[in-house]
Every structure is written in C-alpha cells, then in structure tokens.
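Before any comments, here is the structure.
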Amino acid sequence: MRTISLGRSNFQVPVVAVGCMRINSLNQSQAEKLVQTALELGANFFDHADIYGGGACEEIFASAIHMNPAVREKIILQSKCGIRQGMFDFSKVHILNAVDGSLKRLQTDYLDVLLLHRPDALIEPEEVAEAFTQLETSGKVKYFGVSNQKPMQIDLLKKYVKQPLLANQLQLSITNATMITNGFNVNMENAPSIDHDGSILDYCRLHDITIQPWSPFQHGFFEGVFLGNSKFPKLNAKIDEVALKYGVSNTTIALAWILRHPAKMQPITGTMNLERLKDCCQAAQITLTRDEWYEILLSAGNALP
Ligand SMILES: NC(=O)c1ccc[n+]([C@@H]2O[C@H](COP(=O)([O-])OP(=O)(O)OC[C@H]3O[C@@H](n4cnc5c(N)ncnc54)[C@H](OP(=O)(O)O)[C@@H]3O)[C@@H](O)[C@H]2O)c1
C-alpha cells in the first residue's frame, strides 16, 4: 500500500484508510475476515468514532483483530469524539472522558490520531488545548486533527492548541464535490459559486492538513451509492469505460478519482465487503489522466463555467 505523510508530520499512513462505522453489521467471523484482509492489503489505518454503533464498533473491532500489544504495534488507530446525543461537546471533560472510553473499547492505551468530530457551537478553544496537552503528555494520543471544520474554525483552534492539526475529515465524493467545483466557479452568479466551506480545500493544502474524504461512494447525505445507480447514468457509463480501460472495477476508479487530486488526500472507505475492500486498495496503484479526471467530474453533472 502506498503511504503519505499525515499533514505536516513525518507520520506515514496508508493512502486508503478503513472506516469502521459499519462494522457492527458484521458477525465476529465476518469482522475477523475484514480486518485480516485489510492487514494483508497493507490497509492498517482504521478510522473509528466513539459514537459508531453507540460504542459497539470500537469493541467489535478490538475483538475481531484480537487486540494485544503485538497487534497494536502493527496498526494505526484513529478515533473521533465530540458528538453526543442532541449536542456537540468539545469541553475538556467530555474530550478526556470520550478518549478514555475509546481506549477501553479498543483495548489499547493509546490512539495514534484523535479528531474532533463535528464543530461544537459552544467551543472554548482554551479547553480543547488543555485536553489535547493532557492527552499528549499522558501518552494517550499521539497526533491530533479535526473533522467537518472550516478554515476559520481551524484557525480559532490553532490560536490555542499547541499540537499541529494534521487532518480534516470531510465529506467528498464525485457526486459531493462542491469543495472542488467551487474553486473554478469564481465570481459567478451560479449555484456552484456559493462557498459552503470557506475554501477548505485550498486552506488544507496551504497549511499541510490531510483531507480525509468520508463517504467516498455515497451521494447526498447517506442517500446511497452512486455506482450502478440509475440516477447517474452518464457518470456510471464514464466510470465503466475508464474501468474497462484499466481492467479494474468501477469501485477502484471512483476512489482513484479522489486519489488523483494533488492535495494528497486519504479517503476513508466504508465497505464491509472483502472484494470491494480489495478494489478500494487497488485504487492506490492507479493514476488517472487529467482528461479522465475531468471527464468523470463533468459526467456527474458538474459543469465548467
Ligand atoms: N467524519 C464524519 O463526519 C464521518 C461521517 C461518515 C463516515 N465517516 C467515516 O467514513 C467511513 C466511510 O463512510 P461510508 O461508509 O459512508 O462510505 P462509503 O464507502 O461511501 O459507503 C460504504 C457503503 O456503501 C456500500 N456500497 C455499495 N456498493 C459499493 C461499492 N461499489 N463500493 C463501495 N461501497 C459500496 C457499502 O456496502 P458493502 O459493505 O456491502 O460494500 C457500504 O454500506 C466510515 O466508516 C467512517 O469511518 C466519517
């Protein structure tokens, strides 16, 4: 598996990460096969959150991988915190408690990466800074980042937090590409010119923050997979044509499209299917041409000005 540096650190991570949000749909032996397959593919970066499955996903993962110190050394664990029932919570006490909960469920004494899951309207960045420093000093968390955050929110955090913020996990797929299309609809009166994210793509590139695209195969907000979906005939025809050329699956091409972007992103896959996981990892070996990349973008209904 090809690796990249996470943000501006020297920490090497596989370019395709394995999301564990859906692992609670598997039984023990299926979950064991999934994590084993991922490891065989070199996909040893696992993305979690304290809320996935109400905590069950972290537990199922630890049991499936038969967590012990030797296993722990071979994998990279990222988890997220800050979402609670009915609210977001970046208070120091919540962050510290959430990490302790994740460590217990994951049967480990440290996380490689902790992300703040979704911006808290009542954030007090001084509290986040205290929590991060305590987590770093105690050895419970090595690296830090955010998720679903805009540039100004990251800047606000950076004013107080000492640790570099290495990653920003954001929704991105061929059909949810406003962070990309907004960039070439400048000073226009059309809908794509509306800036929904504060130019987060350019901001992350400028500040060496790795974008981790989540839901790389979904359209809308968890409305379903666009591949093989009759709502997207042109897109699927184009992806299938490119897939045929490379002799790979449509899944591989859809992920290769994200990986072709020069921002050096680290997509988080969500499949629990072993063949599709292999197809996702194969995307790391494919570099689409500029023509193919633009043709796929436009076939999804995105237009050039
Ligand atoms: N930071 C955030 O706010 C946030 C939000 C959501 C998710 N995430 C993270 O991102 C990860 C991925 O999210 P996701 O699960 O929504 O992503 P996804 O990879 O876009 O979707 C995976 C789902 O699509 C299905 N699928 C059907 N056909 C597929 C195909 N050809 N290729 C790939 N998948 C296909 C999968 O089913 P099969 O299992 O049958 O393949 C699975 O149910 C999560 O596990 C989580 O770690 C983060």
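Under this note's numbering, the sequence shown has 283 at position 301, and the numbering climbs by one with no breaks. Glycine residues also receive a C-beta, built at the ideal position from the N, C-alpha and C atoms.
Taking the C-alpha atoms as reference points, what is the distance between leucine 59 and methionine 134? Cα to Cα, leucine 59 sits roughly 27 Å from methionine 134.
Could you give the C-beta distance for threonine 251 and proline 198, rounded to a whole number, given that I count them as a contact under 8 Å? That belief holds up - the Cβ atoms of threonine 251 and proline 198 are roughly 7 Å apart, short of 8 Å.
Apply the 10 Å Cβ neighbour rule to threonine 119 and answer buried if 16 or more other Cβ atoms are within range, or exposed otherwise. Threonine 119 comes out exposed.
Expressed to the nearest angstrom, what Euclidean distance is found between the alpha-carbon atoms of lysine 62 and phenylalanine 126? Between the C-alpha atoms of lysine 62 and phenylalanine 126 there is a straight-line separation of about 10 Å.
Inter-residue CB distance, isoleucine 42 and isoleucine 77 (contact presumed, cutoff 8 Å): In this structure, isoleucine 42 and isoleucine 77 do not form a Cβ contact; the two beta carbons are roughly 23 Å apart against a cut-off of 8 Å.
One or two residues paired with arginine 66 in a DSSP bridge: Answer is Met69.
Minimum C-alpha distance to glutamate 66 - residue among Ser45, Asp32 and Leu85: The sequence as given places arginine at residue 66; glutamate does not occur at that position. For arginine 66, the nearest C-alpha among the options comes from Asp32.
For the structure I just gave you, are there three or more beta carbon pairs, one from the stretch 255 to 272 and one from the stretch 203 to 218, closer than 8 Å? Using a Cβ-Cβ distance cut-off of 8 Å, the stretch 255 to 272 and the stretch 203 to 218 are not in contact, since fewer than three pairs of beta carbons, one from each stretch, lie closer than that value.
Leaving aside the five residues before and after aspartate 261 along the sequence, list all residues of the same chain whose C-beta is less than 6 Å from its C-beta, in chain order. Cβ neighbours of aspartate 261 beyond the five flanking positions: Ser231, Thr233 and Thr234.
Would you mind working out which of Thr163, Ser84, Ala225 and Lys56 sits nearest glycine 64, comparing C-alpha positions? Ranking the options by Cα distance to glycine 64, first place goes to Ser84.
Is there contact between the stretch 200 to 214 and the stretch 168 to 187, where contact requires at least three CB pairs shorter than 8 Å? Per the Cβ contact rule, the stretch 200 to 214 is not in contact with the stretch 168 to 187 (fewer than 3 Cβ pairs under 8 Å).
Relative to the C-alpha of alanine 266, which candidate in Lys124, Lys246 and Lys132 has its C-alpha closest? Residue Lys246 holds the alpha-carbon nearest to the alpha-carbon of alanine 266 among Lys124, Lys246 and Lys132.
Ligand 1 and threonine 271: does the residue's C-beta get closer than 7 Å to at least one heavy atom of that ligand? Because no heavy atom of ligand 1 lies under 7 Å away, the Cβ of threonine 271 does not count as near it: no.
Close Cβ partners of serine -13 (< 7 Å) along its chain, the five nearest in sequence each way excluded: If we look at serine -13 and ignore the five residues flanking it on each side, its Cβ neighbours are Phe(-7) and Gln(-6).
Closest by CA to valine 207, which one among Ala236, Ala80 and Leu188? The residue among Ala236, Ala80 and Leu188 with its C-alpha nearest the C-alpha of valine 207 is Ala236.
Measuring only from the beta carbon, is tryptophan 275 closer than 7 Å to any heavy atom that is part of ligand 1? For ligand 1, not one heavy atom lies less than 7 Å from the Cβ of tryptophan 275.
Assuming cysteine 2 and histidine 48 form a contact by the criterion Cβ under 8 Å, report the distance between their Cβ atoms to the nearest whole angstrom. Not really, about 15 Å apart at Cβ, beyond 8 Å.
Cβ shell of valine 123 (< 6 Å), same chain only, five flanking positions each side left out: Cβ neighbours of valine 123 beyond the five flanking positions: Leu93, Leu96 and Leu117.
Ignoring anything shorter than 4 residues or poking outside the stretch 182 to 240, list the alpha helix (DSSP H) runs there in chain order. List check, alpha helix (DSSP H) in window: 182 to 188 and 215 to 228.
Compute the beta-carbon to beta-carbon distance between valine -2 and phenylalanine 28, rounded to the nearest angstrom, for a pair I have assumed lies under 8 Å. In fact, because the Cβ distance is near 11 Å, the residues do not count as touching under 8 Å.
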